[in-house]
């Protein structure tokens, strides 16, 4: 998963476990070759008050590509443990576990170091004052952020009074009007801005330039081009798998494979063997013909999944 937003079953299950079960420590597996995308989840985990160990996985590939990551600066910026690892080579795994165990035994409360803009922090402080006493102190910030984002699951499970709920809605609407964006996007954008500043200070990319993957990502995730590219790709996938190549293969399966080869061959064998007319019709038209219909769609599905 890449975030604790309740959009997928995996995210919901993971978040519920972290909030309700309260593990002693968290090992946050981060792809060292794609820090910005992976550290978004890290910022959310640090808000739960649970000790976090960042395992910078695939460090061997990052080093191979010429990238240099300052683990000490990264640890200082986030206020948590950072260990370079390579799951493929088995490097750093024992150290990650040892540090997680040490933090778990210490039973410390993780305090997030990052802050949002002054406007957002003011809103979060106002929301925190409205939280019920049932919310633990170490989760007050997390609940404040989720209520600011208007997280439906948190809104539905937090026992807020009618006045508090109304006041939170007013706080959120005022912030959205002032910052000209919806609350969830405000939080998301400020998280990435914070991550970008950290990466600038602790990551030195290879000066040879961006990799092919980076260049592709830069185009397909562009704010303006992303949606048209997505629509174009989906159209091509549908056109090839269902309309053009898919139709050719399906027609061949239905008309040639079954209609011209299998059914006549089976019919000829059964008639030669002296089978009755009703039995031939049952097998050829009923059983084989019935199987031909769904099997005819199999090539289209295969092409579709091949694209996916």
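Numbering (the UniProt record's numbering), first residue to last: 1 to 308. All C-beta atoms in this analysis are idealised placements derived from N, C-alpha and C, irrespective of residue type, glycine included.
With contacts defined as CB atoms closer than 9 Å, residue 96 and residue 27 qualify as a contacting pair. Around the Cβ of residue 42, a 10 Å sphere holds 16 or more other Cβ atoms; the residue is buried.
Between the segment 128 to 140 and the segment 80 to 100 there are fewer than three C-beta pairs closer than 8 Å, too few to call the two in contact.
The Cβ-Cβ distance between residue 48 and residue 80 does not fall below 9 Å.
Out of 283, 91, 245 and 193, the CA that lies nearest to the CA of residue 298 is found in 245.
Contact between the segment 132 to 145 and the segment 69 to 83 is absent, with fewer than three C-beta pairs closer than 8 Å. Counting C-beta pairs with one atom in each stretch, the segment 236 to 251 and the segment 298 to 307 have three or more that are closer than 8 Å, which means they touch. Residues of the same chain with a CB within less than 6 Å of the CB of residue 179, apart from the 5 flanking positions on each side, are 186 in chain order. When rounded, the separation of the alpha-carbon atoms in residue 124 and residue 148 is 7 Å.
At the C-beta level, residue 108 and residue 51 come within 9 Å of one another. DSSP places residue 55 within a strand segment (E or B) once states are collapsed to three. Its chain contains 23 as the residues whose beta carbon lies nearer than 8 Å to that of residue 17, once the 5 sequence neighbours on both sides are disregarded; these appear in chain order. Runs of the alpha helix (DSSP H) lying entirely within the UniProt domain "FeoB-type G" (1 to 106) and spanning at least 4 residues, in chain order: 9 to 20, 35 to 45, 59 to 64, 71 to 78 and 93 to 106.
In this structure, the alpha-carbon of residue 278 lies about 53 Å from that of residue 230. The closest CA to that of residue 60, considering only 138, 91 and 38, is found on 91. Residue burial is scored here from C-beta neighbours: residue 32 has at least 16 other C-beta atoms within 10 angstroms and is therefore classed as buried.
Per DSSP, the unbroken alpha helix (DSSP H) holding residue 167 starts and ends at 162 to 179. Pairing residue 56 with residue 71 gives a Cβ-Cβ distance under 9 Å. Cβ-Cβ distances below 6 Å link residue 153 to 6 in the same chain, with the five nearest sequence neighbours on each side left out; the list follows chain order.
Sequence-distant Cβ neighbours of residue 58 in its own chain, meaning closer than 7 Å and more than five residues away, are 31, 32, 33 and 86. Close CB contacts of residue 195 within its chain, under the 6 Å cut and outside five residues either way in sequence, are with 36 and 39 (chain order).
Between residue 206 and residue 296, the gap from beta carbon to beta carbon reaches 9 Å or more. Residue 267 and residue 215 have their C-alpha atoms spaced approximately 58 Å apart.
Per DSSP, the beta-bridge partners of residue 203 are 69. In this chain, the alpha helix (DSSP H) harbouring residue 266 covers 263 to 272.
A residue is called buried when at least 16 other Cβ atoms come within 10 angstroms of its Cβ; residue 200 does not meet this threshold and is exposed. Put simply, of 280, 116 and 29 the residue whose alpha carbon is nearest the alpha carbon of residue 84 is 29.
Distance from the Cα of residue 239 is smallest, within the candidate group 223, 287 and 307, for 307.
Note that the C-beta distance between residue 287 and residue 258 is not below 9 Å.
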